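Asker: One structure, as structure tokens, below. Some questions next.
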Amino acid sequence: MQKYNIFTKYHSVCITNQPLKTLNVDDKQIIECDKNNFLQIPFLSLLEEKPNKKSIIVYVADIDASIVFLHVIKSYVFVQAAGGLVRNHNNQLLFIFRNRKWDLPKGHREVGEEIDQTALREVREECGLNDLEIVSQLGITYHTYYMNGRHELKETHWYNMKTSEMELIAQKEEGIEKAEWIGKDKIDEVVADCFLSLRDLLENTELF
1 MQKYNIFTKY HSVCITNQPL KTLNVDDKQI IECDKNNFLQ IPFLSLLEEK PNKKSIIVYV
61 ADIDASIVFL HVIKSYVFVQ AAGGLVRNHN NQLLFIFRNR KWDLPKGHRE VGEEIDQTAL
121 REVREECGLN DLEIVSQLGI TYHTYYMNGR HELKETHWYN MKTSEMELIA QKEEGIEKAE
181 WIGKDKIDEV VADCFLSLRD LLENTELF
């Protein structure tokens with residue numbers, strides 16, 4: 001079964017061939033499609049960023065969901081980024097506060113750069129950590145936004161990381177107000193104040 005979640009600031013569109021009865025469809029708009037009509041679905045409109053907009057499930061009946069997802073990507077400027085969920089020796093997790101939201105350090109992939117190296121570089125730059133090691137892949141998120149006169153769809157690769165360092169230096173020039181180590185006692189509050197795409201990833205990850 002396949003499932004692609006694309007997020008905006010306020011809602012998500014899930015493209016899936018997973019049976020609807022196995023999904024949480026409460027308060028969601030359901031759109032059913034097949035190989036004959038999926039090209040007519042107005043995905044740009046469905047992914048328009050509006051407050052209080054319902055999340056949407058696009059159920060694909062008889063075609064590979066990845067084909068529909070790739071069709072959606074063609075309507076956007078596709079960009080890639082990477083970042084990390086960093087854990088220290090005290091079993092605390094690194095978060096940054098930027099744009100009035102809690103987030104994980106991340107940034108855009110440079111030309112010719114391996115995506116895992118993007119993740120390491122961005123965490124080093126944004127939080128001042130040097131001793132950094134990738135432990136495993138965490139997941140991939142997708143979100144859309146309108147910037148500089150164009151619609152962009154960002155694919156972000158996330159990695160579990162570890163460090164022996166404790167001192168954090170927030171990269172102020174990137175708009176990061178603070179970087180903090182977050183423990184189990186505060187994690188629910190912080191995750192609840194993340195952007196939807198990251199919140200969905202973290203809520204489906206065993207953090208502690």
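According to the UniProt record's numbering, the sequence shown is numbered sequentially starting from 1. Cβ atoms here follow ideal geometry from the backbone N, Cα and C, with glycine treated the same way. Small disclaimer: the values here were computed from a predicted structure and weren't measured.
1) Thr144 to Lys28, Cα distance in whole Å?
2) For Ala61, count neighbouring Cβ atoms within 10 angstroms of its own Cβ and tell me buried if that reaches 16, exposed if not.
3) Which word fits Pro42, buried or exposed, when buried means at least 16 other C-beta atoms lie within 10 angstroms of its C-beta?
4) Give me the Cβ distance between Val72 and Glu152, rounded to the nearest whole Å; I'm assuming they're in contact under 8 angstroms.
5) Using DSSP with H/G/I as helix, E/B as strand and the rest coil, what is Asp103?
6) Between Ala170 and Lys162, is the Cβ-Cβ spacing less than 8 angstroms?
7) Measure the CB-CB distance between Asp116 and Tyr146 and report whether it falls below 8 angstroms.
8) Could you check whether Ala65 and Ile15 sit closer than 8 angstroms to each other, using their CB atoms as the reference points?
9) Out of Gln2, Thr8 and Lys3, which has the shortest C-alpha to C-alpha gap to Cys194?
10) With distances taken Cα to Cα, identify the nearest neighbour of Ile63 among Phe69, Asp34 and Leu39.
11) Would you list, in sequence order, the uninterrupted alpha helix (DSSP H) runs of no fewer than 4 residues that lie entirely inside the region 123-200?
12) Out of Asn91, Val190, Leu120 and Leu202, which has the shortest C-alpha to C-alpha gap to Pro105?
13) With H, G and I counted as helix, E and B as strand and the rest as coil, what does DSSP make of Gln40?
14) Along the chain, which unbroken stretches of the beta strand (DSSP E) at least 3 residues long are found entirely within the region 65-91?
15) When the distance is taken between beta carbons, is Tyr4 closer than 8 angstroms to Phe95?
16) Is Ser12 near Ser75, with beta carbons less than 8 angstroms apart?
17) What is the rounded straight-line gap between the Cα of Val86 and the Cα of Asn36?
18) Between Gln137 and the rest of its own chain, which residues show a CB-CB distance below 8 angstroms, the 5 nearest in sequence each way excluded?
Answerer: With the given structure in hand:
1) Here residue 144 is taken as the residue at index 144 of the sequence shown, counted from 1. Here residue 28 is taken as the residue at index 28 of the sequence shown, counted from 1. In this structure, the CA atom of Thr144 is about 19 angstroms from the CA atom of Lys28.
2) Against the sequence shown, residue 61 aligns to sequence position 61. It is exposed - the Cβ of Ala61 has fewer than 16 other Cβ atoms within 10 Å.
3) The residue you call residue 42 lines up with position 42 of the sequence shown. Pro42 comes out exposed.
4) The sequence position of residue 72 within the sequence shown is 72, counting from 1. The sequence position of residue 152 within the sequence shown is 152, counting from 1. In this structure, Val72 and Glu152 do not form a Cβ contact; the two beta carbons are roughly 13 angstroms apart against a cut-off of 8 angstroms.
5) Reading the sequence shown from its first residue, position 103 is the one you call residue 103. Annotated three-state conformation of Asp103 is strand, per DSSP.
6) Start at 1 with the first residue of the sequence shown, and residue 170 comes out as number 170. Start at 1 with the first residue of the sequence shown, and residue 162 comes out as number 162. Not closer than 8 angstroms, so no.
7) As a position in the sequence shown, residue 116 is number 116, starting the count at 1. As a position in the sequence shown, residue 146 is number 146, starting the count at 1. Taking 8 angstroms as the cut-off, the beta carbon of Asp116 is found no closer than this to the beta carbon of Tyr146.
8) Position 15 of the sequence shown, counting from 1, holds the residue named residue 15. Position 65 of the sequence shown, counting from 1, holds the residue named residue 65. With respect to the 8 angstroms criterion, Ile15 and Ala65 are classified as neighbours on the basis of their beta carbons.
9) Along the sequence shown, read from residue 1 onward, the residue named residue 194 stands at position 194. Ranking the options by Cα distance to Cys194, first place goes to Thr8.
10) Start at 1 with the first residue of the sequence shown, and residue 63 comes out as number 63. Among Phe69, Asp34 and Leu39, the Cα nearest to that of Ile63 belongs to Asp34.
11) For the region 123-200, whole alpha helix (DSSP H) runs of length 4 or above, ordered along the chain, are 187-192.
12) Indexing the sequence shown from 1 puts residue 105 at position 105. With distances taken between CA atoms, Pro105 lies nearest to Leu120 out of Asn91, Val190, Leu120 and Leu202.
13) Your numbering for residue 40 matches position 40 in the sequence shown. Looking at Gln40 - three-state DSSP - the assignment turns out to be helix.
14) Inside the region 65-91, DSSP marks whole beta strand (DSSP E) runs of 3 or more residues at positions 77-87, from first to last along the chain.
15) On the sequence shown, residue 95 is found 95 positions in, with the first residue counted as 1. On the sequence shown, residue 4 is found 4 positions in, with the first residue counted as 1. No, they are not a contact pair.
16) Along the sequence shown, one-based indexing puts residue 12 at 12. Along the sequence shown, one-based indexing puts residue 75 at 75. Cβ distance not < 8 angstroms, so Ser12 and Ser75 don't count as in contact.
17) Residue 86 sits at position 86 when you count from the first residue of the sequence shown. Residue 36 sits at position 36 when you count from the first residue of the sequence shown. Those two C-alpha atoms are separated by around 45 angstroms.
18) By one-based count along the sequence shown, residue 137 stands at place 137. Counting only Cβ-Cβ distances below 8 angstroms, and skipping sequence neighbours, we find His157, Trp158, Tyr159 and Asn160.
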